[in-house]
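Novice: Plus 3 on top of the position in the sequence shown (first one is 1) and you've got my numbering.
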Amino acid sequence: MNLMDVSLKTEMAGLRLRNPTILASGILGSSAEYLREVARVGAGAVTTKSVGPKPRDGYKNPTVMQVECGFLNAVGLPNPGIEKFVDEIRRLRDLEVPLIVSVYGFSPEEYAEVSSMAVNAGADAIELNLSCPHVRGAGAEIGRDPRLVSRVVKVVKESVNNPVFAKLTPNVSDIGEIAAA
Numbered sequence: 004m005n006l007m008d009v010s011l012k013t014e015m016a017g018l019r020l021r022n023p024t025i026l027a028s029g030i031l032g033s034s035a036e037y038l039r040e041v042a043r044v045g046a047g048a049v050t051t052k053s054v055g056p057k058p059r060d061g062y063k064n065p066t067v068m069q070v071e072c073g074f075l076n077a078v079g080l081p082n083p084g085i086e087k088f089v090d091e092i093r094r095l096r097d098l099e100v101p102l103i104v105s106v107y108g109f110s111p112e113e114y115a116e117v118s119s120m121a122v123n124a125g126a127d128a129i130e131l132n133l134s135c136p137h138v139r140g141a142g143a144e145i146g147r148d149p150r151l152v153s154r155v156v157k158v159v160k161e162s163v164n165n166p167v168f169a170k171l172t173p174n175v176s177d178i179g180e181i182a183a184a
């Protein structure tokens, strides 16, 4: 069998991927140019850097520190805010792979508002950032509370028809309880 004949196509929540490799949310997801390049070199889908309801500068340097076992980072969710970031999303309407927009908020309603704006601009799916441990009132603070996770997911699912993925924090005593929410 020729390796070129092997298909890695897969489907996830109705999204068709040419392979199961997905760019995780992070610095390469901060602009349409970066996302387009990652898709061009072979990703099956791409995820944006997390975007919130308002612009946020993030933390001052140093944001990355080397420690004995590797590196730690605390960037602080820097982003231009969804009102500006929709321009980047719109520039990707012709992207040949699914575009997943990572969102955060400080309440279920903010998650829903940001998600709706992202989908209206052209996002194929939404990633709920319920895992960032660095920003008070968002991310992991919400992601540690099963009732709040359930509320965020419910409110967002009611506001969009696209697939919604909850990115959960591993920093809990029972991830199963959070996931079941």
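Just so you know, even glycine gets a beta-carbon here, dropped at the ideal spot from N, CA and C.
Given the structure is predicted, the values throughout are model-derived calculations rather than measurements.
(1) Identify whether Phe88 lies in helix, strand or coil by the three-state DSSP scheme.
(2) Would Lys74 be called buried (16 or more neighbouring beta carbons within 10 Å of its own) or exposed?
(3) Would DSSP call Glu99 helix, strand or coil?
(4) Taking 8 Å as the cut-off, does the segment 80–97 touch the segment 53–65 (at least 3 CB pairs, one atom from each stretch)?
(5) Mapping the DSSP letters down to three states, classify Gly146 as helix, strand or coil.
(6) Could you spell out the range, first to last residue, of the alpha helix (DSSP H) harbouring Met163?
(7) Could you compute how far the alpha carbon of Ile103 sits from the alpha carbon of Arg19?
(8) Would you kindly work out how many angstroms separate the C-alpha atoms of Ile194 and Thr172, rounded to a whole number?
Specialist: Per the coordinate set shown:
(1) helix
(2) Note on identity: in this sequence residue 74 is Phe, with Lys being the wrong assignment. By the neighbour-count rule (16 or more Cβ atoms within 10 Å), Phe74 is not buried but exposed.
(3) coil
(4) yes
(5) helix
(6) Before going on, a small fix: residue 163 reads as Val here, not Met. Val163 -> no alpha helix (DSSP H), and no H or E assigned at all.
(7) 12 Å
(8) In the structure as shown, the chain begins at 4 and stops at 184. Residue 194 is therefore absent and cannot be evaluated.
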